[in-house]
Amino acid sequence: MDITARERRSAPPVVPPVLPRKLAKVPFVELAEGRLQGVVSSGSDLARVYVSSIAAGSHDFSCSTNNNRPCGGLTGGRPCKHLGSLVGEAVLQYGFDRVARYLRVDAAEGDDLLGRMHGTRSPAPAAMVFSRFLRHLAYLELPVTAGPVAEMHWFPAGAVV
Numbered sequence: 048m049d050i051t052a053r054e055r056r057s058a059p060p061v062v063p064p065v066l067p068r069k070l071a072k073v074p075f076v077e078l079a080e081g082r083l084q085g086v087v088s089s090g091s092d093l094a095r096v097y098v099s100s101i102a103a104g105s106h107d108f109s110c111s112t113n114n115n116r117p118c119g120g121l122t123g124g125r126p127c128k129h130l131g132s133l134v135g136e137a138v139l140q141y142g143f144d145r146v147a148r149y150l151r152v153d154a155a156e157g158d159d160l161l162g163r164m165h166g167t168r169s170p171a172p173a174a175m176v177f178s179r180f181l182r183h184l185a186y187l188e189l190p191v192t193a194g195p196v197a198e199m200h201w202f203p204a205g206a207v208v
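Just remember that our numbering sits 47 ahead of the position in the sequence shown, which is counted from 1.
#1: Suppose only complete runs of 4+ residues qualify. What are the alpha helix (DSSP H) ranges in the stretch 138 to 182, listed by chain order?
#2: Give the straight-line distance between the Cα atoms of L181 and V98, rounded to the nearest whole angstrom.
#3: For P74, which option in L189, G123, A137, A171 has the closest C-alpha, if you only look at C-alpha atoms?
#4: Looking only at its own chain, which residues have a Cβ that is under 6 Å from the Cβ of S151, when we skip the five neighbours before and after it?
#5: Between which two residues does the beta strand (DSSP E) harbouring L83 extend?
#6: Assuming V65 and Y141 make a contact with CB atoms under 8 Å, what is their CB distance in whole Å?
#7: From M48 to P117, what does the alpha carbon distance come to, in whole angstroms?
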């Protein structure tokens, strides 16, 4: 599809996951804002989620609850299990090569992607990621329709002159 045809669409194309994902463990994962970031469920408390991220290039990482309490698993400067789950589900969603290329990790298929990164703990904006996650959840509650979604109606339906 050329650029002009893509610009005429009212919605961006949705890329299906490479492999099925476990949405209960990592309900939200994205490659955005120069980071692999997402929301990871707590292993011990059903009501708690963590916002985890890894910066592209530097591989600096962050993990905290949605109300900015630091993850207890980030001790000794090593990534926690939430970051491992995030990387694993990102590979299922986007494919190994795309995730490695986005994060700028020199790794081959089958390598331990998280083990090849050597970042340090660095705070990241959890509120924005969690807010986007909640917005995506709201779309799941809408009734199924083939028509336009009211809040997205400002996208042009046809060609822009």
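Beta carbons: idealized from backbone N, C-alpha and C, even for Gly.
Reading from the atomic positions:
#1: Within the stretch 138 to 182, complete alpha helix (DSSP H) segments of at least 4 residues are found at 143 to 150, given in chain order.
#2: Residue mapping note: residue 181 aligns to position 134 of the sequence shown, counting from 1. Residue mapping note: residue 98 aligns to position 51 of the sequence shown, counting from 1. If you draw a straight line from the Cα of L181 to the Cα of V98, it comes to about 12 Å.
#3: On the sequence shown, residue 74 is found 27 positions in, with the first residue counted as 1. Of the listed residues, the one whose Cα sits closest to P74 is A137.
#4: Here residue 151 refers to the residue found at position 104 when the sequence shown is read from its first residue. The sequence given here places Arg at residue 151; Ser does not occur at that position. Excluding residues within five positions, the ones whose Cβ falls inside 6 Å are A103, G104.
#5: Position 36 of the sequence shown, counted from the start, is the residue given in the question as residue 83. Start and end: 82 to 88.
#6: The sequence position of residue 65 within the sequence shown is 18, counting from 1. The sequence position of residue 141 within the sequence shown is 94, counting from 1. That belief holds up - the Cβ atoms of V65 and Y141 are roughly 7 Å apart, short of 8 Å.
#7: Position 1 of the sequence shown, counted from the first residue, corresponds to residue 48. Position 70 of the sequence shown, counted from the first residue, corresponds to residue 117. Note that M48 scores a pLDDT of 48, beneath 50, so its modelled location is shaky; the value from the coordinates is reported in the next line. Rounded to the nearest angstrom, the gap between the Cα atoms of M48 and P117 is 44 Å.
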